[in-house]
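Numbering (our numbering), first residue to last: 46 to 336.
Glycine is no exception: its CB is placed at the ideal position from the N, C-alpha and C atoms.
Remarks on the structure that follows.
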Amino acid sequence: MKTFMSVAMLGIALVVGPRAQAPADQRIRLIVQGDDMGVAHGINVATIAAAERGVLRSANVIMTGQWVPEAARLLNAHPEIDAGVHLALTSEWTDVKWRPLTEAPSLVDAHGYFFPTVFPRPGQAPGTSVKEAPLDLGQVERELRAQITLARRLIPHLSYTWEHMGFGAVAPEVRAIVQRLTKEFGLVTPGPDHGVSFLRGVWVRADTGRERARKLAAALRDLGPGTYVMVEHAATDSPEMRAFGHPGYEDVAIDRQAVVDAWTSAEVAAAVAERGIELTTLRQVLAPVSR
46 MKTFMSVAML GIALVVGPRA QAPADQRIRL IVQGDDMGVA HGINVATIAA
96 AERGVLRSAN VIMTGQWVPE AARLLNAHPE IDAGVHLALT SEWTDVKWRP
146 LTEAPSLVDA HGYFFPTVFP RPGQAPGTSV KEAPLDLGQV ERELRAQITL
196 ARRLIPHLSY TWEHMGFGAV APEVRAIVQR LTKEFGLVTP GPDHGVSFLR
246 GVWVRADTGR ERARKLAAAL RDLGPGTYVM VEHAATDSPE MRAFGHPGYE
296 DVAIDRQAVV DAWTSAEVAA AVAERGIELT TLRQVLAPVS R
């Protein structure tokens with residue numbers, strides 16, 4: 046089994062320095078989550094690199110993606126990474142598409158692909174969002190159930206669900222299906238219900254990897270006690286990833302490589318060590334509750 050030795054060499058530990066003996070309510074815990082494994086090789090390998098060489102401790106997989114077998118193999122080789130199923134009802138990229146695992150005509154476009162967005166967007170062709178589709182809730186439930194079932198079969202240490210593009214906001218009934226299936230399969234969803242806050246808005250897309258590292262290090266130094274989740278997307282700046290994009294977001298490879306650069310930076314590692322931040326997983330955070 047591979048370990049995070051390279052991270053330890055940077056000075057990161059689960060609990061570092063004099064804060065190690067602080068009361069539980071004074072701890073600063075951070076879950077760094079990488080989304081979208083299973084969609085591309087560049088996403089898969091970059092996410093694992095951010096764990097082996099940096100601060101990532103959680104990752105999830107879009108089970109309708111083309112690179113799911115590789116994603117499952119990599120996560121099974123790293124059971125210390127908290128694994129989630131990134132439930133998907135959309136396929137947003139212009140030249141890369143995926144389809145549902147089940148027969149679900151109310152969830153797809155004329156070509157059988159998931160719609161690109163959850164809600165209509167300016168300039169988008171009419172009838173090409175989930176909101177505009179005549180959703181069949183039975184088909185929604187069957188599809189999401191199939192995605193979780195496959196994820197559980199391929200990645201036994203699965204522990205959480207996460208909505209791709211926040212599709213549950215399309216209707217309360219859809220969000221209720223997600224919540225019910227999550228509970229039925231013994232999984233959880235990161236959020237305030239589990240005492241977890243989100244660390245958002247740390248950088249902007251125009252920032253380089255170095256600038257993101259500086260901003261993230263500063264944000265970590267300012268954190269108060271609590272448990273935080275930072276959700277982002279890791280990928281390589283490679284020919285494969287340069288083919289990803291949609292109107293308004295064409296610099297996918299550069300943007301997501303910069304995420305990896307920040308998460309694996311020595312500056313961020315130093316901030317983690319300085320504050321005694323515990324790099325953890327949702328599974329570890331909730332373990333005392335389940336006992």
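Determine the closest residue to residue i out of the options, with distance taken between C-alpha atoms.
i	options	result
Gly79	Arg72, Ile73, Asp70, Asn89	Asn89
Val130	Arg190, Asp238, Ala191, Ala196	Ala196
Glu188	Glu148, Gly110, Val274, Ser283	Glu148
Val247	Ala262, Ile299, Glu218	Ala262
Val113	Leu146, Leu232, Leu244, Phe243	Leu146
Thr326	Pro161, Ala214, Lys228, Gly240	Gly240
Gln111	Glu177, Leu265, Glu285	Glu285
Gly213	Leu199, Pro201, Thr234	Thr234
Asn105	Pro201, Gln184, Pro161, Pro165	Pro201
Arg190	Asp154, Thr109, Arg166	Thr109
Trp138	Val317, Thr173, Leu120	Thr173
Val317	Arg220, Ala122, Leu268	Leu268
Ala85	Glu312, Ile126, Thr281	Thr281
Leu120	Ala178, Arg144, Glu177, Leu199	Leu199
Val215	Glu177, Val249, Arg245, Gln192	Glu177
Glu229	Thr194, Ala116, Lys260	Thr194
Arg144	Glu115, Gln192, Ala311	Gln192
If we count the other Cβ atoms within 10 Å of its Cβ and call it buried at 16 or more, is residue i buried or exposed?
i	result
Leu182	exposed
Tyr294	exposed
Ala251	exposed
Ala170	exposed
Ile57	Reliability of the predicted coordinates at Ile57 is poor, the pLDDT of 33 falling under 50, and no value is obtained from them.
Pro270	exposed
Pro237	exposed
Val297	buried
Pro217	exposed
Gly168	exposed
Pro161	buried
Arg301	buried
Ala332	exposed
Ala116	buried
Ala91	buried
Rounded to whole angstroms, how far is the Cβ of residue i from the Cβ of residue j, which I believe are closer than 8 Å?
i	j	result
Ala128	Leu203	5 Å
Leu180	Ser151	5 Å
Ile222	Val175	Contact flag wrong, Cβ pair sits at about 13 Å.
Ile76	Ser103	5 Å
Ile107	Gly87	Going by Cβ atoms, the distance from Ile107 to Gly87 rounds to 14 Å, so no, they are not a contact pair.
Arg259	Glu312	6 Å
What separation, rounded to the nearest whole angstrom, lies between the Cα atoms of residue i and residue j?
i	j	result
Ile322	Arg118	29 Å
Gln71	Met275	19 Å
Lys142	Gly157	10 Å
Thr206	Ala315	31 Å
Arg257	Asp81	20 Å
Thr227	Pro124	20 Å
Ala287	Arg166	It is worth fixing the name first, because residue 287 is Arg in this sequence and not Ala. C-alpha separation (whole angstroms): 23 Å.
Ala279	Arg328	21 Å
Leu339	Val163	Not covered by the structure: residue 339. The range shown for the chain is 46 to 336.
Val153	His209	16 Å
Val330	Ser242	12 Å
Gly211	Arg220	9 Å
Arg266	Tyr273	13 Å
Met50	Ala95	Summary for Met50: the model assigns pLDDT 37, below 50, so the residue's position carries little reliability, and this model does not support an answer.
Leu324	Asp140	36 Å
Ile93	Thr253	21 Å
Ala122	Thr309	20 Å
Could you confirm whether any beta carbon from chain D is found closer than 9 Å to the beta carbon of residue i?
i	result
Gly211	Protein chains in the displayed structure number just one, and chain D is not present.
Quick check: is any heavy atom of the ligand COA less than 8 Å from the C-beta of residue i?
i	result
Ala155	Of the ligands one can find in the structure shown there are none, so the ligand COA has no counterpart to examine.
Would you be able to state if there are at least three C-beta pairs under 8 Å between the stretch 88-102 and the stretch 300-308?
-> yes
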